[in-house]
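Chemist:
Protein chains: 2
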Amino acid sequence: MTADNDTGLSKRAATVIPGGIYGHMNVLEFSDTLPQYMVSGQGCRLTDTEGKIYLDFMCGWGPVVLGHRHPRVQHAVQRQLEQGDCLNGAAPVMVELAELLVDTIAHADWALLAKNGTDATTACLTIARAATGRRKVLMAHGAYHGAVPWCTPVNVGVTVEDRAHLDYFEYNDLASVHAAADRAGDDLAAIIVCPFRHDVRRDQELADPEFARGLRALCDKTGAALILDDVRCGFRLALAGSWEPLGVRPDLSAWSKAIANGYALAAVTGTEALREAASRIYATGSFWFSAASMAAGIATITELRDTDALQNIQRAGQRLRDGLAAQAVAHGFAITQSGPVQMPLLHFADDDDFALTRRWCDEAGARGVYVHPYHNWFLGSAHSDDDIDEALRHTDAAFESLARNR
Amino acid sequence: MTADNDTGLSKRAATVIPGGIYGHMNVLEFSDTLPQYMVSGQGCRLTDTEGKIYLDFMCGWGPVVLGHRHPRVQHAVQRQLEQGDCLNGAAPVMVELAELLVDTIAHADWALLAKNGTDATTACLTIARAATGRRKVLMAHGAYHGAVPWCTPVNVGVTVEDRAHLDYFEYNDLASVHAAADRAGDDLAAIIVCPFRHDVRRDQELADPEFARGLRALCDKTGAALILDDVRCGFRLALAGSWEPLGVRPDLSAWSKAIANGYALAAVTGTEALREAASRIYATGSFWFSAASMAAGIATITELRDTDALQNIQRAGQRLRDGLAAQAVAHGFAITQSGPVQMPLLHFADDDDFALTRRWCDEAGARGVYVHPYHNWFLGSAHSDDDIDEALRHTDAAFESLARNR
Chain A
1 MTADNDTGLS KRAATVIPGG IYGHMNVLEF SDTLPQYMVS GQGCRLTDTE GKIYLDFMCG
61 WGPVVLGHRH PRVQHAVQRQ LEQGDCLNGA APVMVELAEL LVDTIAHADW ALLAKNGTDA
121 TTACLTIARA ATGRRKVLMA HGAYHGAVPW CTPVNVGVTV EDRAHLDYFE YNDLASVHAA
181 ADRAGDDLAA IIVCPFRHDV RRDQELADPE FARGLRALCD KTGAALILDD VRCGFRLALA
241 GSWEPLGVRP DLSAWSKAIA NGYALAAVTG TEALREAASR IYATGSFWFS AASMAAGIAT
301 ITELRDTDAL QNIQRAGQRL RDGLAAQAVA HGFAITQSGP VQMPLLHFAD DDDFALTRRW
361 CDEAGARGVY VHPYHNWFLG SAHSDDDIDE ALRHTDAAFE SLARNR
Chain B
1 MTADNDTGLS KRAATVIPGG IYGHMNVLEF SDTLPQYMVS GQGCRLTDTE GKIYLDFMCG
61 WGPVVLGHRH PRVQHAVQRQ LEQGDCLNGA APVMVELAEL LVDTIAHADW ALLAKNGTDA
121 TTACLTIARA ATGRRKVLMA HGAYHGAVPW CTPVNVGVTV EDRAHLDYFE YNDLASVHAA
181 ADRAGDDLAA IIVCPFRHDV RRDQELADPE FARGLRALCD KTGAALILDD VRCGFRLALA
241 GSWEPLGVRP DLSAWSKAIA NGYALAAVTG TEALREAASR IYATGSFWFS AASMAAGIAT
301 ITELRDTDAL QNIQRAGQRL RDGLAAQAVA HGFAITQSGP VQMPLLHFAD DDDFALTRRW
361 CDEAGARGVY VHPYHNWFLG SAHSDDDIDE ALRHTDAAFE SLARNR
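Residue numbers (full-length UniProt numbering), protein chains in the order written: chain A, 1 to 406; chain B, 1 to 406.
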């Protein structure tokens, strides 16, 4: 969509915002048909400035796990805002939320709350270094752990020293981890890893359970902290932690996105062994004690725990995946669908630059289905079978259009 | 206040939160009489878990510039939440807010929005490095610019390399800045500085206009970016920027705290010369495009612009300062009151460790006046003359109690 059809917003933004827009929400980076601006959201639907409605398969890029404006969450926020939000001390909801996180997350003995996913991943590194007195941190090549100098995927304004103590391995390649650990020697503070490989611009890859167990064993052996970056996956796959189905528990986890159904909140959870170090680091922010987002977090996690929301997300994701697979076959396209069905990615075969995939996404976007060509999508519990079927009617037309122009 | 009289919250928190509480809101660090938990806020008053009411002179540690639950801000948030908050694109309020910031802030040609003050200061450094291709950043000894490894005041979990390209000067000492600039040589990317010296645990110090002009001249000469860290002072002293009264315009400014009257928002503003670099860095977060806090920002800045709120804050601060000065004389205490009246600090003479000042703050806190012994206080437009006079009755009793026990 160009500046012409969003009531002039893009043109105005070009004057007052660097590059017109920045960060992951720069629509021009990935779509010719989706709008840069959205006016409202309800359940799994978004409305743009022209009143066009989209079936939302990005869920605000992850946070909206229960659907936009979920009544239970909205009610909790409303009730807290009637009391107060940014006070001189924490509100009682802070303790309630920390207790709920400790109750819910298998490895967690404590919780520290923040605002951004990057706040949480950064605090995890700091805690691990404080606990071990060591410096080196291993991460996977191409993994996304945030957008500040030590981890941003865009190497602009970054100095070599910002990454002085990082070293890299290949996801699912335990030998490469051991090699990196050997390079770190007795200076290994932590290994940070995502629950599955969800790097942009490539097919997703589930974690090999042997890989996960191998990281755990290596950390046990070396005394390094195993940090699970559950920012993107957390509260969407397995409530107790995304590696809980693999039987692998991290020492520290970083959380954000879906934790409060769209309200600004992040968390670090950790084990007893790391509590003392977590209490010694200085991490804080002007809004880290704000109560309304914590009330939203309590409502979100309670809803996920007490209902079949997570099963619904999985069922919706499976229905979408099955439908897309059948459509691809029917229209004669070879595609890959990778990652968990709750966070899928569709990629056409022999489409290394994602050009054909992007054309298909543009066709879907023009028909009101909001999907991304090279970043994983997100399903939410607001996606009913009818919503999926409606989306599939449009994706079928998208395949058909591509087939016609083959 | 101990765990006994906050309905058990502190005891529960000790189990699930590292250290029981962390960051700047750890009340035990600075008070024996103030509660760790607050239940609600309205205007300039806070209510704790026992129903005790406090006159608030910290304003949520800065953000609450118009008073807690200001109707215009609450209404704007409410209206936006009824539409949507965390969508797949920016909402129109993002453009409106960026335009308002550019219209309001003297040096601003563009604005980039974030969540934490630290997000904004970190992005300023990254933009300056991207623009200049240089690495060195100068900052004042003891200045607070955030709570991540490059700037946290607590050197725990921090590596030497996190601060490899920082060098230090003394606030208001231009010769020390020139010496640091000489050390940086042709690698000087930026100077970051607060509008006045508001370091904790020392009297505050206004900026010498010659110092401010000297920094500007040095940056003009070297091509380094002058970064004003207006996170703590912004939107409370001078709406167009805290050095505007001095006639000194920065190249980049970091904003947060009072920008949205307590809702989580931060901003970087910059000049035309830095726009291109700002568009090249990658800075983003899951909630950086959330609309409700932007609606709050528009309501807050508009209210500050269109009413006499800032004059009211100054008048309230002056009334408090004059009253405290008279009380100290009457009770035979020598005190210093430093910093702007809108962000005051009271410090007893010959009290280098702030012990006597803390005793006075404890006496005030016990009487329901929320002040801090060694971090600047904050006034807000909700402080009426009557509120100040009520606070002064309690501070008079605090002085009297100290005099009795002298």
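C-beta: ideal position from N, C-alpha, C; glycine also.
(1) Go ahead and pull the three-state DSSP assignment for F169/B.
(2) Looking at the secondary structure, which residues open and close the alpha helix (DSSP H) in which K136/B lies?
(3) Quick one: grab the DSSP three-state call for L402/B.
(4) What are the boundary residues of the beta strand (DSSP E) that includes V268/B?
(5) When you compare only the Cα positions, how much space is there between D230/B and R280/B?
(6) Would you verify that the beta carbon of residue 421/A is, or is not, closer than 9 Å to some beta carbon of chain B?
(7) Beta carbons nearer than 7 Å to chain B: which residues of the segment 387-402 of chain A have them?
(8) According to a CB-to-CB cut-off of less than 9 Å, which residues of the segment 65-87 of chain A neighbour chain B?
(9) Please tell me whether G262/A and P250/A are closer than 9 Å, where the distance is taken between their beta carbons.
(10) Check whether the segment 255-269 of chain B and the segment 104-122 of chain B are in contact - that is, three or more C-beta pairs closer than 8 Å.
(11) Does DSSP classify E205/A as helix, strand or coil?
(12) For a test of the three-state rule: what should DSSP assign to A179/B, helix, strand or coil?
(13) Can you list the beta strand (DSSP E) stretches of 3 or more residues lying completely in the segment 29-70 of chain A, in chain order?
(14) Since D229/A is in the beta strand (DSSP E), which residue starts that stretch and which ends it?
(15) So what's R197/B in DSSP terms, helix, strand or just coil?
(16) E161/A touches chain B at which residues, Cβ-Cβ below 8 Å?
(17) Could you tell me if K221/A is buried or exposed, where buried requires 16 or more neighbouring beta carbons within 10 angstroms of its beta carbon?
(18) Hey, out of A128/B, T159/B, M25/B and C151/B, whose CA is closest to A273/B's CA?
(19) Quick one: Cα of residue 408/B to Cα of T33/B, how far?
(20) Tell me whether L346/B sits in a helix, a strand or coil according to DSSP, three-state version.
(21) Would you list the one or two residues that DSSP bridges to S338/A?
(22) Taking contact to mean at least 3 C-beta pairs separated by less than 8 Å, is the segment 355-365 of chain A in contact with the segment 15-22 of chain A?
(23) Using a Cβ-Cβ cut-off of 9 Å, state whether G262/B counts as contacting chain A.
(24) Is it buried or exposed, H75/B, if we count other Cβ atoms within 10 angstroms and call 16 or more buried?
(25) Compute the distance between the beta-carbons of R236/B and Q337/B, then report whether it is under 9 Å.
(26) Using the three-state DSSP reduction, which class does W377/B fall into: helix, strand or coil?
(27) Could you round the C-beta distance between C239/A and T104/A to whole angstroms and report it? I think they count as a contact, below 8 Å.
(28) How long is the line joining the alpha carbons of V248/A and G214/A, rounded to whole angstroms?
(29) Between which two residues does the beta strand (DSSP E) carrying A254/A extend?
(30) State yes or no: is the beta carbon of I281/B nearer than 9 Å to at least one beta carbon in chain A?
(31) Quick check: the Cα distance between I298/A and W61/B, rounded to an integer number of angstroms?
(32) Within 10 angstroms of the Cβ of H178/A, are there 16 or more other Cβ atoms? Answer buried if so, exposed if not.
(33) Would L402/A pass as a contact of L356/A if the rule is Cβ separation under 9 Å?
(34) Excluding five sequence neighbours on each side, which residues of the same chain lie with their C-beta closer than 7 Å to the C-beta of R319/B?
(35) Could you name the residues of chain A that R135/B contacts, counting a contact when the two beta carbons are closer than 8 Å?
(36) Between P18/A and chain D, is there a C-beta pair that is closer than 9 Å?
Modeler: Judging by the given coordinates:
(1) Three-state result, F169/B: strand.
(2) For K136/B, there is no enclosing alpha helix (DSSP H); the residue is part of the beta strand (DSSP E) that begins and ends at K136 to A140.
(3) Residue state, collapsed to three classes: helix.
(4) From DSSP, the beta strand (DSSP E) with V268/B extends over A266 to G270.
(5) Whole-angstrom Cα-Cα distance: 23 Å.
(6) This structure does not reach residue 421/A, given that chain A is present from 1 up to 406, and the question cannot be answered.
(7) Here the close residues number zero.
(8) For the segment 65-87 of chain A, which is checked against every Cβ of chain B, the residues closer than 9 Å are H68, R69, Q74, V77, Q78, L81, E82, Q83, G84, D85, C86 and L87.
(9) It is not a contact, given that the beta carbons lie outside the stated cut-off.
(10) Yes: the two stretches touch, three or more of their Cβ pairs being nearer than 8 Å.
(11) Correct three-state label for E205/A: strand.
(12) Helix, per DSSP.
(13) Taken in chain order, the complete beta strand (DSSP E) segments of 3 residues or longer contained in the segment 29-70 of chain A are 38-42, 45-48 and 53-56.
(14) First-last of the beta strand (DSSP E) with D229/A: A225 to D229.
(15) In the structure shown, R197/B sits in a strand (DSSP, three-state: E or B).
(16) By Cβ distance, chain B contributes E161, D162, A164 and H165.
(17) It counts as exposed.
(18) Nearest C-alpha to A273/B among A128/B, T159/B, M25/B and C151/B: A128/B.
(19) Since the first and last residues shown for chain B are 1 and 406, residue 408/B lies out of range.
(20) Here L346/B sits in strand by DSSP.
(21) In the DSSP output, where bridge partners are listed per residue, S338/A has L345/A.
(22) No, the segment 355-365 of chain A is not in contact with the segment 15-22 of chain A.
(23) Yes, its Cβ sits closer than 9 Å to a Cβ of chain A.
(24) With fewer than 16 Cβ atoms within 10 Å of its Cβ, H75/B is classed as exposed.
(25) Not in contact: R236/B and Q337/B (Cβ atoms no closer than 9 Å).
(26) In the structure shown, W377/B sits in coil (DSSP, three-state: anything other than H, G, I, E or B).
(27) Note that residue 239/A corresponds to Leu in the displayed sequence, not to Cys. Indeed they touch by this definition, with Cβ atoms about 6 Å apart.
(28) One C-alpha to the other measures close to 10 Å.
(29) Taken as a continuous stretch (DSSP letters only), the beta strand (DSSP E) holding A254/A covers L252 to W255.
(30) With 9 Å as the cut-off, I281/B counts as an interface residue toward chain A.
(31) About 25 Å.
(32) With a threshold of 16 other beta carbon atoms within 10 Å, H178/A falls short and is exposed.
(33) Cβ atoms of L402/A and L356/A: closer than 9 Å.
(34) Result list for R319/B: D385 and I388, in chain order.
(35) Using a Cβ-Cβ cut-off of 8 Å, R135/B is close to T159 of chain A, given in chain order.
(36) Here chain D cannot be found, since the structure's protein chains are A and B.
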